[in-house]
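Notes to accompany the following structure.
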Amino acid sequence: MSKTLLLISSKHEDWTFAQEVSMHAGLTLQTVNTAAEGIEILSGEGASAVMVDASTDEQYHQFENAIQDSIGLFSEKINANTTHFITSEELERVPYLIQSPLFGNYIIRNYGDIKDAGALYGRILYASLTEKAFGLKSFLKEDTKIQTVKFRLSTQKQDAVEAVKNFLIAAKFQTRMATIIATAVDEILMNAMYDAPVDDLGKPTLSTTPRSAKIELQGKHQTEMTIGFDGKFVGISATDLFGSLDKAKLLSFVAKIYTDEEYKVKMATAGAGLGLATVFRSGGSLFFVSESRVKTEVTVFFMKTANFRDFKDQFRFLTTQFYF
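Under this note's numbering, residues 4 to 327 are what the sequence shown spells out, in order.
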């Protein structure tokens, strides 16, 4: 397969973004305007990864139909791990993507500083093309210092979240921004500690356990947090050893808009995981890497900005890599 990034889009800003991405991913960029042109390339020499303008239902289905008429949706030349959809809409406004068998990676066309956005996503793409895309270090700039925290008890979570907030304030993030990021970290750690554990049949074992309950994090229950800041982006990961992440449920949680009352009710029971939607809408990007029954790593990314308006309106993506 050709070491190329194929972009199917007629939009200039997508071309500029993809140029930066391909450079940092170590790929050659090839651009076409239409789905038909793109599928011709995929059915021939192929591509390592594909970015597709799927701004409308019509554009998406032109792409899907072209695949079905040529290589087929289940061809080894294309899959959800290597297909990246670009839109200008929030996830809940593009249900045709969520329902797609090729959906796994979603980029909002709000690039901001295209060089910074392209560099980060290029590193994400590079990692996604390796055998397994685990490890925060590969997502941030080279030589970024990465710190790791291993939890012994679930009650240590709050101290870790507070430490993250203090770390960010020391790195000159505004307090309001640091608080939002710390809340996101609390959510992904909570999910790793309480939502991830399942039995041999895949049934959640802590579904009725209050999230305030003290749990020993030994053996399979080990939970890890890693954090790094490269001067532009902060990345924080939570890792569990269950590998139980369900893609369909994940996307339904992130895509749904919950009222405040719904959120309070759902969060009263363990296993909800609904805070991920709030994380995404608060300016955070999400990268989910899960190897079935082995390990799941969830990473949040936030850009350091000069003001809160830019923070809320920063470049965002939702990327997934599932290994079975």
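Backbone N, C-alpha and C fix where the C-beta goes; we use that ideal spot for every residue, glycine too.
Inter-residue Cα distance where the pair is residue i and residue j
| i | j | result |
| --- | --- | --- |
| residue 82 | residue 76 | 8 angstroms |
| residue 184 | residue 289 | 12 angstroms |
| residue 56 | residue 282 | 24 angstroms |
| residue 163 | residue 188 | 9 angstroms |
| residue 141 | residue 25 | 16 angstroms |
| residue 307 | residue 211 | 38 angstroms |
| residue 324 | residue 107 | 7 angstroms |
Environment of residue i [buried if 16+ CB atoms lie within 10 Å]
| i | result |
| --- | --- |
| residue 300 | buried |
| residue 126 | buried |
| residue 13 | exposed |
| residue 311 | exposed |
| residue 161 | exposed |
| residue 190 | buried |
| residue 176 | buried |
| residue 68 | exposed |
| residue 179 | exposed |
| residue 302 | buried |
| residue 215 | exposed |
| residue 60 | exposed |
| residue 327 | exposed |
| residue 264 | The pLDDT assigned to residue 264 is 45, lower than 50, so where the model puts this residue is not dependable; a value taken from the coordinates is nonetheless given after this. Residue 264 is exposed by the Cβ-count criterion. |
| residue 194 | buried |
Anticipated Cβ contact below 8 angstroms, residue i with residue j, distance rounded
| i | j | result |
| --- | --- | --- |
| residue 129 | residue 318 | Residue 129 to residue 318, Cβ: 17 angstroms. No contact. |
| residue 296 | residue 222 | Rounded, the Cβ-Cβ distance is 15 angstroms, inconsistent with contact. |
| residue 136 | residue 257 | At roughly 19 angstroms, the Cβ-Cβ gap does not stay under 8 angstroms, so residue 136 and residue 257 are not in contact. |
| residue 54 | residue 111 | Incorrect: roughly 13 angstroms between the Cβ atoms, too far for contact. |
| residue 207 | residue 213 | Contact flag wrong, Cβ pair sits at about 14 angstroms. |
| residue 74 | residue 41 | At roughly 11 angstroms, the Cβ-Cβ gap does not stay under 8 angstroms, so residue 74 and residue 41 are not in contact. |
| residue 286 | residue 305 | 6 angstroms |
Strand pairing of residue i, partner residues [DSSP]
| i | result |
| --- | --- |
| residue 139 | None, per the DSSP bridge assignment. |
| residue 34 | 10 |
| residue 391 | This structure cannot speak to residue 391, because the chain is shown only from 4 to 327. |
| residue 207 | 201 |
| residue 151 | 229 |
| residue 109 | 88, 321 |
| residue 219 | 156 |
| residue 298 | 294 |
Contact set for residue i: own chain, Cβ-Cβ below 8 angstroms, skip 5 residues either direction
| i | result |
| --- | --- |
| residue 165 | 185 |
| residue 268 | Any answer about residue 268 is weak, because its pLDDT of 39 lies below 50 and its placement is not dependable; what the coordinates show is given next. Taken in chain order, the list of residues that qualify is empty. |
Residues near residue i by beta carbon distance below 6 angstroms, same chain, minus five either side
| i | result |
| --- | --- |
| residue 147 | 231, 233 |
| residue 36 | 13 |
Close beta carbons around residue i, own chain, < 7 angstroms, minus the five adjacent residues each side
| i | result |
| --- | --- |
| residue 23 | 117, 118, 121, 122, 125 |
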